[in-house]
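Trainee: Protein chains in written order, with my numbering: chain A, 1 to 367; chain B, 1001 to 1367.
The beta carbon of each residue, even a glycine, is placed where N, CA and C say it ideally should be.
None of the values given here were measured: they were computed from a predicted structure.
Got a structure here, written out as structure tokens. Questions coming.
Number of protein chains: 2
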Amino acid sequence: MLTRLFALPSLQPVSNRFGFSMTLKELAQILGLSPTTVSRALNGYPEVSESTRRRVAEAATRHNYHPNVQAKRLATGRAMAIGHVIPISTQHEIVNPVFADFIAGAGEVYARAGYDMIISIVADDDEEQAYRTLRSKGNVDGVIVHGPKRGDPRPALLDELGLPYVVHGRVSDYAAPYAWVDVNNTRAFERGTAFLSDLGHRRIALVNGLESMDFAARRREGYEAALAARGLARDPALMTAGEMTEAQGYDAACAMLSLPDPATAFLTSSLLSAMGVRRAIEERGLALGRDVSVLTHDDELSYMKNGTELPIFTATRSSVREAGRICAQMLLDRIAAGPEAPIATRLLEAVLVVGQSTAPARHLIAS
Amino acid sequence: MLTRLFALPSLQPVSNRFGFSMTLKELAQILGLSPTTVSRALNGYPEVSESTRRRVAEAATRHNYHPNVQAKRLATGRAMAIGHVIPISTQHEIVNPVFADFIAGAGEVYARAGYDMIISIVADDDEEQAYRTLRSKGNVDGVIVHGPKRGDPRPALLDELGLPYVVHGRVSDYAAPYAWVDVNNTRAFERGTAFLSDLGHRRIALVNGLESMDFAARRREGYEAALAARGLARDPALMTAGEMTEAQGYDAACAMLSLPDPATAFLTSSLLSAMGVRRAIEERGLALGRDVSVLTHDDELSYMKNGTELPIFTATRSSVREAGRICAQMLLDRIAAGPEAPIATRLLEAVLVVGQSTAPARHLIAS
DNA sequence: CGCGACATCCAAACCGCTTTGGATTGAGTC
DNA sequence: GACTCAATCCAAAGCGGTTTGGATGTCGCG
């Protein structure tokens, strides 16, 4: 505990129980004004003259005054914070690698708006309870829903709780309208498949993420739609889904390059998988972008660049960080607008960037 | 704004301005007790009989009562929250890839202890101000310092502010005692280098992280110490430092394998770099773990496994997630113990796991 | 000069919880 | 039966802001 050593004979109180920050009351006393006036001056209310407002603002910065957040929250009823609930699966302990970049983007927006970002790590069986207590404790004004699955129960829950939210991704089978920001995964993979098909590839493999995830299911749909449109057969031996690691890509490519009728092109869901595919290709003495083509989706993660100027992999590209910014802004807007306001959605289009990993198909001798 | 549509003729008030959560006062009224007693019952104070305590607890769960966090915080003066300030460098926009796993570990601990984790994304020139306002707004009880650099100013600042903190890593040149949790990077790289030297390698390359970072500087020191101890020359052509990407490893290895006296073994700071090194090796028709050895540091990131059972790369291994847990617990302990309590530190030892990427040195024809 | 309108400021209530300092009750003691 | 003491409970005063409902002063205008 902090003890006040001396009673300073100063007009300015130097210590309170928080020790280091001054209170509104103290500031008011220094200025010879009432707390009311000081509060109003700082919050831009019209009932205070410009001159005193300046005087107050100047004193506030000079004394490094910042209103205590807890008090402000209690008084206004707004938490000035956004929650991100991150489920840690009890089976496979994967922390989503795009998460860091997403919150970097979202965090920028929150910081500018004076909001806090609070992250709850929670075992995925407790997720529902996590949202309920979040609501009931009242420490967030809204939440971002990460990594929606097919049939995800969270939108229904959050609607029931009346907690504003924006989904990063979509929940295909939720009927009621809800706010979301998503990449057009179907279109991206449709275009990717079409691009490879246009290069003459007829054995195009899909190395996908876990298809219980909504985004992965959509990607497969796009892939299949493009195959169908081109009259190409859908071959289960060329389709795999799993956690998007280097090893996944390697293992899948090993298998698919050893088929009697091997893959000549790969569509992967992440750069890591693509790197694994590349390794399997090169291990066979084949050349990436000559013998075998690879096209990947690229989330533009900051620690995982696809080349600097010239892209290494041909890719459908869409920044997760930017998605974070957009999600955050949409949620803040939604909170400001109130529950009756119309619901916004935003579909982002991935751009197709052509790199060095794709080329016209050539006939190969199965190794 | 929420409007109360009907005045329900119920004993139990269903609505307040927060709309969805009930207040202590309401709960007390339902129970026919005073708020004081209810508060004490729920917080485990002895001045309340076991029978009423049970009655209160039961009613609380039945009505899904959770004390409003803001009010609690204001009343107790404790924020019940820990801050993580993440600087986003304005030059190279790297979001540290270990960050996600670290906070996953820390978050588990916070959740168990009833603490919130609040993340501030901030441009790195504003970092000092970020800590000051954090302090002055009073919305955290302490902070974790991420990614310390050589000569990092943050410990001094935080000591000045009187804000409890734990550093993940160390600040070599800060004289005053401070709390930290770190891997023994020096020792890990010393051992790694010695291990490769024991295999007969005399041209051991170091592919390091940016050496302005304290951890990277320590790693180099360990590497150099081992070289010196073995009487091996320190060759600048075999040492590189940069952002730890696949491309970094690839580029470095390309250069170092093309030297007149090429590297026969590599020590890398991350799995990504190691993967790049592997690619350069295989591209030359050499075999990893036969012609050229690679030993990497492995943070055990959840999305970046070094094999499942059998490690792919020989590695010095230390879980960042576990470090997150330890850091968080240390900080909570420190906050509970008060500023006068002795300062704790914790040095974690990396384990050396032998995988398939290292083998005795053999003479190579420079390609 | 008197009056209303407006500008400017303030006292006090309130947000929901904790905690201090009693008040009340009942059992135990002589 | 009076008295002590512990066990239980409560009223009220904070915590540091916001906000309602005036109070006061100033000015313009008939």
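Tell me, which residues are paired with Asn1139 (chain B) by DSSP?
Mentor: Asn1139 (chain B) pairs with nothing; no bridge assigned.
Trainee: Asp251 (chain A): which of B:Thr1308, B:Ser1197, B:Leu1210, B:Leu1257 sits nearest, CA to CA?
Mentor: Of the candidates B:Thr1308, B:Ser1197, B:Leu1210, B:Leu1257, the one whose C-alpha sits nearest the C-alpha of Asp251 (chain A) is B:Thr1308.
Trainee: On the DSSP letters alone, give me the boundaries of the alpha helix (DSSP H) that Phe1099 (chain B) sits inside.
Mentor: That run of the alpha helix (DSSP H) goes 1099-1113.
Trainee: What's the C-alpha gap between Gly151 (chain A) and Ala1323 (chain B)?
Mentor: The straight-line gap from Cα to Cα measures roughly 35 Å.
Trainee: Helix, strand or coil for Ala1123 (chain B), going by three-state DSSP, please let me know.
Mentor: It is a strand residue.
Trainee: With a threshold of 8 Å between beta-carbons, can Asp251 (chain A) be considered close to chain B, or not?
Mentor: No, Asp251 (chain A) lies away from the interface with chain B (no Cβ there is under 8 Å from its Cβ).
Trainee: For the pair the stretch 28-41 of chain A and the stretch 1019-1037 of chain B, tell me if three or more CB-CB distances fall below 8 Å.
Mentor: Taking 8 Å as the limit for Cβ pairs, the verdict is that the stretch 1019-1037 of chain B does not touch the stretch 28-41 of chain A.
Trainee: Let's see if you can read the secondary structure: which residues bound the alpha helix (DSSP H) around Tyr250 (chain A)?
Mentor: Element bounds for Tyr250 (chain A): 246-257.
Trainee: Keeping to the same chain, check which residues put their C-beta closer than 7 Å to that of Arg1290 (chain B); ignore five residues upstream and five downstream.
Mentor: Here the set comprises Ala1359.
Trainee: Beta carbon of Glu211 (chain A), beta carbon of Ala241 (chain A): below 8 Å?
Mentor: The answer is yes: Cβ separation under 8 Å.
Trainee: Closer than 6 Å by C-beta to Glu58 (chain A): which residues in its own chain qualify, once you throw out the five before and the five after it? Chain order, please.
Mentor: Nothing listed; no residue qualifies.
Trainee: State whether the stretch 1126-1141 of chain B contacts the stretch 1076-1083 of chain B, with contact taken as three or more CB pairs (one from each stretch) at a distance under 8 Å.
Mentor: At 8 Å Cβ cutoff, the stretches touch.
Trainee: Looking at chain B, is there any beta carbon in it that lies within less than 8 Å of the beta carbon of Thr314 (chain A)?
Mentor: Not closer than 8 Å to any Cβ of chain B, the Cβ of Thr314 (chain A) fails to qualify, so no.
Trainee: Which same chain residues end up closer than 6 Å to Leu227 (chain A) when comparing Cβ atoms and leaving out the 5 residues on each side of it in sequence?
Mentor: Excluding residues within five positions, the ones whose Cβ falls inside 6 Å are Arg234.
Trainee: Would a C-beta distance cut-off of 8 Å place Ala1352 (chain B) and Thr1296 (chain B) closer than the cut-off?
Mentor: Rather than Ala, the amino acid found at residue 1352 (chain B) in this sequence is Leu. No, the Cβ-Cβ distance between Leu1352 (chain B) and Thr1296 (chain B) is not below 8 Å.
Trainee: State the start and end residues of the unbroken alpha helix (DSSP H) segment that holds Ser318 (chain A).
Mentor: Where Ser318 (chain A) is concerned, there is no enclosing alpha helix (DSSP H), given that its DSSP letter is neither H nor E.
Trainee: Does DSSP classify Ala1323 (chain B) as helix, strand or coil?
Mentor: Of the three classes helix, strand and coil, the one that applies to Ala1323 (chain B) here is helix, per DSSP.
Trainee: Pair every Cβ in the stretch 1141-1159 of chain B with every Cβ in the stretch 166-179 of chain A, then say whether three or more of these pairs are closer than 8 Å.
Mentor: The stretch 1141-1159 of chain B, when compared against the stretch 166-179 of chain A, does not touch it at the 8 Å Cβ threshold.
Trainee: When the Cα atoms are used, what is the spatial distance from Tyr1174 (chain B) to Ser1120 (chain B)?
Mentor: Roughly 24 Å separates the two Cα atoms.
Trainee: Going straight from the alpha carbon of Pro1155 (chain B) to that of Thr1314 (chain B), what length do you get?
Mentor: The alpha-carbon atoms of Pro1155 (chain B) and Thr1314 (chain B) are separated by roughly 35 Å.
Trainee: At 7 Å on the CB atoms, spell out the chain A contacts of Met1275 (chain B), in chain order.
Mentor: Here the neighbours are Glu246, Met275.
Trainee: Report the residue ranges of all alpha helix (DSSP H) runs contained in full by the stretch 1063-1092 of chain B; include only those spanning at least 4 residues, in chain order.
Mentor: Taking only runs of at least 4 residues, the alpha helix (DSSP H) segments lying wholly in the stretch 1063-1092 of chain B are 1069-1076.
Trainee: Let me make sure I understand the geometry here. Which of B:Tyr1303, B:Ala1274, B:Pro1339, B:Ala1344 has the alpha-carbon closest to that of Val1098 (chain B)?
Mentor: For the residues B:Tyr1303, B:Ala1274, B:Pro1339, B:Ala1344, the minimum Cα distance to Val1098 (chain B) belongs to B:Tyr1303.
Trainee: Determine the chain B residues that contact Leu352 (chain A) at a beta-carbon separation under 7 Å, and present them in chain order.
Mentor: Per Cβ cutoff of 7 Å: no residues; Leu352 (chain A) is ~22 Å from chain B at best.
Trainee: Between Val1069 (chain B) and Asn139 (chain A), is the Cβ-Cβ spacing less than 8 Å?
Mentor: Yes; because the gap between Cβ atoms is below 8 Å, this pair is in contact.
Trainee: Where does Met1275 (chain B) sit, in a helix, a strand or coil, going by DSSP?
Mentor: Helix, per DSSP.
Trainee: I want to see whether chain A comes within less than 8 Å of Gln1070 (chain B), judged by CB atoms only; does it?
Mentor: True, the Cβ-Cβ gap to chain A drops below 8 Å.
Trainee: Would you identify the three-state DSSP class for Ser293 (chain A), choosing helix, strand or coil?
Mentor: The answer is strand: DSSP assigns Ser293 (chain A) an E or B state.
Trainee: Give me the DSSP bridge partner(s) of Asp261 (chain A).
Mentor: DSSP output for Asp261 (chain A) lists no bridge partner at all.
Trainee: Have a look at the DSSP bridge pairing and note the partners of Tyr1131 (chain B).
Mentor: Answer is none; Tyr1131 (chain B) lacks a bridge partner.
Trainee: If you measure from the beta carbon of Thr1052 (chain B) to each beta carbon in chain A, is any gap under 8 Å?
Mentor: Cβ-Cβ to chain A under 8 Å: no for Thr1052 (chain B).
Trainee: Give me the chain B residues within the contact set of Thr133 (chain A), using Cβ-Cβ distance strictly less than 9 Å, ordered along the chain.
Mentor: Those are Asn1064, His1066, listed as they occur along chain B.
Trainee: Tell me Tyr1045 (chain B)'s beta-bridge partners as DSSP assigns them.
Mentor: Note: Tyr1045 (chain B) sits in no beta bridge, so no partner.
Trainee: Could you tell me the boundaries of the alpha helix (DSSP H) in which Asn1096 (chain B) lies?
Mentor: No alpha helix (DSSP H) holds Asn1096 (chain B); DSSP gives it neither H nor E.
Trainee: For a quick check, are the C-beta atoms of Leu1286 (chain B) and Ala1263 (chain B) less than 8 Å apart?
Mentor: For Leu1286 (chain B) and Ala1263 (chain B), no; Cβs fall outside 8 Å.
Trainee: Since Leu1267 (chain B) and Ile1204 (chain B) should fall inside the 8 Å C-beta cutoff, what is the C-beta to C-beta distance between them, to a whole number of angstroms?
Mentor: Between Ile1204 (chain B) and Leu1267 (chain B) the Cβ distance is about 6 Å, and since that is below 8 Å, they are a contact.
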